[in-house]
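Asker: Residues 130 to 573 in the numbering used here are what the first sequence lists, from first letter to last.
Glycine included, each C-beta is placed from N, C-alpha and C at the ideal position.
Before we start, here is the structure in question, set down as structure tokens.
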Amino acid sequence: MWVYIDKISQYVGQEITIKGWLYNIRSSGKLMFPELRDGTGIIQGVVSKKEVSEKVWEDFSKLTQESSVIVTGTVSQHPKKENVFELQIKELEIVQISEPFPITPKEHGIEFLGDNRHLWIRSTRQAAILRIRNEIIQSVREYMYNNGFILFDTPIFTPNACEGTSTLFSTDYFDLGKAYLSQSGQLYAESGAMALGKVYTLGPTFRAENSMTRRHITEFWMMEPEMAYYDLNDNMDLIEDFLEYVVQRVIKNKAGDLGILQRDISKLEKVKKPFPRITYDEAIEILRKKDIALIKKTSEGEEQIRPFPWGEDFGAPHEEAIVEDFDKPVMVHRWPVQAKAFYMKRDPENRDIALGVDVLAPEGFGEIIGGSQREDNYDFLLERIKEHDLPLEEFQWYLDLRKFGSVPHSGFGLGIERLVSWICNLEHIREAIPYVRRPNRIRP
RNA sequence: UGGAAGAUAGCUCAAUGGUGGAGCAUUCGGCUGUUAACCGAAGGGUUGCGGGUUCGAGUCCCGCUCUUCCAGCCA
């Protein structure tokens, strides 16, 4: 009977079959301890020379790391470890003897591992991350589905830059000129919200920025909900309810894999409503109290400006300083207009303020969500498009949404890989996706 | 794109300007409870590329290429 390793505890005392790969093997004269993996987990096998045929014994001694095998034996309790199971092996079928596996059970450099990503994903840690990623995306989809959001897939080929700022990847598009790879589905999602009430997109997005940090990749997955008749506060209510659901579900269902990553789950358990909500002005106060300067690049090098001036966006050191006193995600809202995108609605009480919100993850993981209430007034939006020097003809359909039954509406964008990095406590975002794309990496 | 560090065996690293080594992986041998098992042996090198200084360069100098880390852009 073929059984997956993650279900092995249900079969103690029974004879079962595992189909998988040899992760590592230790031998001790008349005993061998092969570690077997099958994608769901790892189990140690025990091969005793006097319990198996001569052929099985000899076949085992031929096996190399990552050889594919089908193994049959009896599940037993580990003699020393509680709740750990072993397989007392009787039969072995070799599917293929592996050539020497490049990723040995020793340390490796990150470049080598990246070059061998197609093999690196077999390692315990990487497989655990990818299973948690699956759980996160499943949780996101279920939350949205259960709360009445309609999945609204938006195009990847687009005729223009959404926010007009970032550099985009471009390609030829038949007789219609250049097409650009989408950096956000938001504008299309707004049209979806006017049609369907509450929608979300979940798909790949592309940024051609030459960003070489631990938090940036050129191709990443983004989830963008968009809700008609939601104001900024409704948006923040949704964000905290949504994040609590995802994080709590992941720690409930993926405790084993989080354990492999040695994730401190007590920190994730604190991610419960309500989250702190502070305005940009209050965030600036924190920076000024901590005497953290704005660092500006000048022709002669760097200039430190303090106190931190109003109107500037926060960099990584500022985000860290703002978040360090909290043990939950922090929602920073009401930003200077000049620091935010053209489509954000201005605060009716203060025209210098945009009704945007950034969510900063705790433990120094930085921004995982950026959202806002959208500008719903035709004239104000038109003005902003002109101010940003965006091609008006490409935004006619977007402006239409403000002509035909315009309503207050809000939404946000969640970076899936940043969420994975935070929940898994990863050093670098490159491990949060099966195949990372960065400015200097497109292979494998 | 700026700043810093680096590139030596398949991998991770060592080597005062003077015959390039170790651990892991591979092959062979040993060991009845191993946990990155251990013990013994063997094979394995155009020291990133190009030039220069020197009797002699992995080591010093110049140029190039690539990588990592930090910063900006953001999700």
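Does PRO354 pass the burial test, meaning 16 or more other C-beta atoms within 10 Å, or should it be called exposed?
Answerer: Residue 354 sits at position 225 when you count from the first residue of the first sequence. So PRO354 counts as buried.
Asker: Buried or exposed for VAL375, please, with buried defined as at least 16 other CB atoms from any protein chain shown within 10 angstroms of its CB.
Answerer: The residue given as residue 375 occupies position 246 in the first sequence. With 16 or more Cβ atoms within 10 Å of its Cβ, VAL375 is classed as buried.
Asker: Three or more beta-carbon pairs under 8 Å between the region 260–270 and the region 537–557, yes or no?
Answerer: Yes, the region 260–270 is in contact with the region 537–557.
Asker: Contact between the region 206–220 and the region 238–245: three or more CB pairs below 8 Å?
Answerer: In short, these stretches do not touch, since the Cβ pair count stays below three.
Asker: Would you call the region 433–443 and the region 463–481 touching, i.e. three or more CB-CB distances under 8 Å?
Answerer: As far as the Cβ criterion goes, the region 433–443 touches the region 463–481, which means the pair count is three or higher.
Asker: What three-state label does DSSP hand ASP505 in the structure shown?
Answerer: In the first sequence, counting from the first residue as 1, residue 505 sits at position 376. Coil, per DSSP.
Asker: Note down, in chain order, each residue of its chain lying with its Cβ closer than 7 Å to the Cβ of ILE415, except the 5 sequence neighbours on either side.
Answerer: If you number the first sequence from 1, residue 415 lands on position 286. Around ILE415: ALA450 and ILE451.
Asker: Quickly, what does DSSP pair VAL459 with across the bridge? List them, please.
Answerer: As a first step, residue 459 must be located in the first sequence, where it is residue number 330. Paired residues: LEU489.
Asker: Does the region 137–145 come within contact of the region 178–198, defined as at least 3 CB pairs closer than 8 Å?
Answerer: The region 137–145 vs the region 178–198: no contact.
Asker: Helix, strand or coil: which one does DSSP assign to ASN382?
Answerer: On the first sequence, residue 382 is found 253 positions in, with the first residue counted as 1. Helix.
Asker: Here's the rule: buried if 16 or more other CB atoms are within 10 angstroms of the residue's CB, otherwise exposed. What is GLU319?
Answerer: Here residue 319 refers to the residue found at position 190 of the first sequence. Under this definition GLU319 is a buried residue.
Asker: Which value, in whole angstroms, describes the spacing of the CA atoms of GLU220 and LYS402?
Answerer: Along the first sequence, read from residue 1 onward, the residue named residue 220 stands at position 91. Along the first sequence, read from residue 1 onward, the residue named residue 402 stands at position 273. Approximately 53 Å, taken between the alpha carbons.
Asker: Which residue spans inside the region 246–283 form an unbroken beta strand (DSSP E) run of at least 3?
Answerer: Complete beta strand (DSSP E) runs here, min 3: none at all.
Asker: Is ILE218 closer than 8 Å to GLY174 when the C-beta atoms are compared?
Answerer: Your numbering for residue 174 matches position 45 in the first sequence. Your numbering for residue 218 matches position 89 in the first sequence. Closer than 8 Å, so yes.
Asker: How many whole angstroms separate the CB atoms of PRO477 and ASP360, which I take to be in contact at a CB cut-off of 8 Å?
Answerer: For the purposes of this step, residue 477 is taken as residue 348 along the first sequence, with counting starting at 1. For the purposes of this step, residue 360 is taken as residue 231 along the first sequence, with counting starting at 1. The pair is not a contact, with the Cβ atoms about 11 Å apart (cut-off 8 Å).
Asker: Touch check for the region 159–172 and the region 130–142: three-plus C-beta pairs under 8 Å?
Answerer: Because the criterion of three Cβ pairs below 8 Å is met, the region 159–172 and the region 130–142 touch.
Asker: Please determine, among ALA257, ILE562 and GLY540, the residue with the shortest C-alpha to C-alpha distance to THR330.
Answerer: Within the first sequence, numbered from 1, the residue matching residue 330 stands at position 201. Comparing Cα-Cα distances from THR330 to each of ALA257, ILE562 and GLY540, the minimum goes to GLY540.
Asker: For LEU489 and MET473, I'd like the C-alpha separation in whole angstroms.
Answerer: Locating residue 489 in the first sequence gives position 360, counting from the first residue. Locating residue 473 in the first sequence gives position 344, counting from the first residue. Each residue's alpha carbon lies about 19 Å from the other.
Asker: If I measure Cβ to Cβ from ALA445 and keep anything under 7 Å in the same chain, skipping five residues before and after, which residues do I get?
Answerer: Stepping through the first sequence from its first residue, residue 445 is reached at position 316. Here the set comprises GLY495.
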